[in-house]
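S.K.:
Protein chains in written order, with the numbering used here: chain A, 50 to 132; chain B, 629 to 787.
In structure tokens form, the structure reads like this:
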């Protein structure tokens, strides 16, 4: 699975993108976020407050219950500030 | 039409092109967003816009489709820049053309409100205290809700 990080999430996690093999118990977005937070202090710091984390799967906004599949492109980022 | 680009654009040329050759159009409305030199109470010497290539274009196209669904529009143009910009530089341009002004003005307002809360762009500001990420403003969510009430206060929150 391809993970992308933007803005301060990228800065805190320390990379813009990575390929990960999901553990079999991770089935949805909420599970992915829980698992990522166990991967180190950069992740747990970046994902401490999920109210300010947005998730897109295959470039569409999704909620925590959205199921994940092999080959999905998952992006994590803060609330947007364009315009 | 959607354009996401680093370079500046010419407002006059863009507006002229939008209505050129279509004499059904009776009104063209536009919005231009500029870089301010103040962020909160701090001086801002520049800002850098980052975006999510692919998703940006996809979201903007969906917003454009929604505007066409709601109003009789003959043409829509949204240009959003990315990269490093300085105070006074243009960031974003939205223009709409319709037989009548009401549709053109309302659609233009709708498009910029939705763009600000949907399109995946992020600003970081250069201030005397260093570089910092701009935080999303509750007013922007409120402006979006004006056009589409949603049951949840924060439709995209991860939890």
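A virtual CB, placed ideally from N, CA and C, is assigned to each residue, including glycine.
Would you please state the rounded distance, in angstroms, between the beta carbons of residue 720 of chain B and residue 668 of chain B? I believe it to be under 8 Å.
M.R.: That belief does not hold up - the Cβ atoms of residue 720 of chain B and residue 668 of chain B are roughly 21 Å apart, past 8 Å.
S.K.: The beta strand (DSSP E) spanning residue 103 of chain A covers which residue range?
M.R.: First-last of the beta strand (DSSP E) with residue 103 of chain A: 103-106.
S.K.: What is the rounded straight-line gap between the Cα of residue 640 of chain B and the Cα of residue 633 of chain B?
M.R.: Rounded to whole angstroms, residue 640 of chain B to residue 633 of chain B spans 18 Å at the Cα level.
S.K.: Could you tell me if residue 728 of chain B is buried or exposed, where buried requires 16 or more neighbouring beta carbons within 10 angstroms of its beta carbon?
M.R.: Result: exposed.
S.K.: Does the distance from the CB of residue 86 of chain A to the CB of residue 96 of chain A come in under 7 Å?
M.R.: Cβ atoms of residue 86 of chain A and residue 96 of chain A: closer than 7 Å.
S.K.: Please list, in chain order, the residues of the stretch 729-758 of chain B that have any C-beta partner in chain A closer than 9 Å.
M.R.: Residues passing the 9 Å Cβ filter: 740, 741, 743, 744, 745, 746, 747, 748, 749, 750, 751 and 752.
S.K.: For the beta strand (DSSP E) holding residue 705 of chain B, just list the boundary residues, first then last.
M.R.: Start and end: 703-709.
S.K.: Since residue 57 of chain A meets chain B, which of its residues come closer than 7 Å, beta carbon to beta carbon?
M.R.: By Cβ distance, chain B contributes 761.
S.K.: Would you call the stretch 741-749 of chain B and the stretch 688-698 of chain B touching, i.e. three or more CB-CB distances under 8 Å?
M.R.: Short answer: they touch.
S.K.: Label residue 116 of chain A either buried or exposed according to how many other C-beta atoms from any shown protein chain fall within 10 Å of its C-beta, with 16 as the threshold for buried.
M.R.: Under this definition residue 116 of chain A is an exposed residue.
S.K.: Chain B partners of residue 116 of chain A, CB-CB under 8 Å?
M.R.: Those within 8 Å of residue 116 of chain A in chain B number zero; the least Cβ separation is about 15 Å.
S.K.: To the nearest angstrom, how far is the alpha carbon of residue 724 of chain B from that of residue 766 of chain B?
M.R.: About 26 Å.
S.K.: Is there a Cβ from chain A that is less than 7 Å from the Cβ of residue 632 of chain B?
M.R.: Not closer than 7 Å to any Cβ of chain A, the Cβ of residue 632 of chain B fails to qualify, so no.
S.K.: Of the residues B:658, B:670, B:750 and B:770, which one's Cα is nearest the Cα of residue 628 of chain B?
M.R.: Chain B is shown only over 629 to 787; residue 628 of chain B falls outside these bounds and no answer can be derived.
S.K.: Can you list, in chain order, the residues of its chain whose CB lies under 7 Å from that of residue 646 of chain B, leaving out five sequence neighbours each side?
M.R.: Once the five neighbours on either side are set aside, the close Cβ partners of residue 646 of chain B are 656, 703, 705, 723 and 725.
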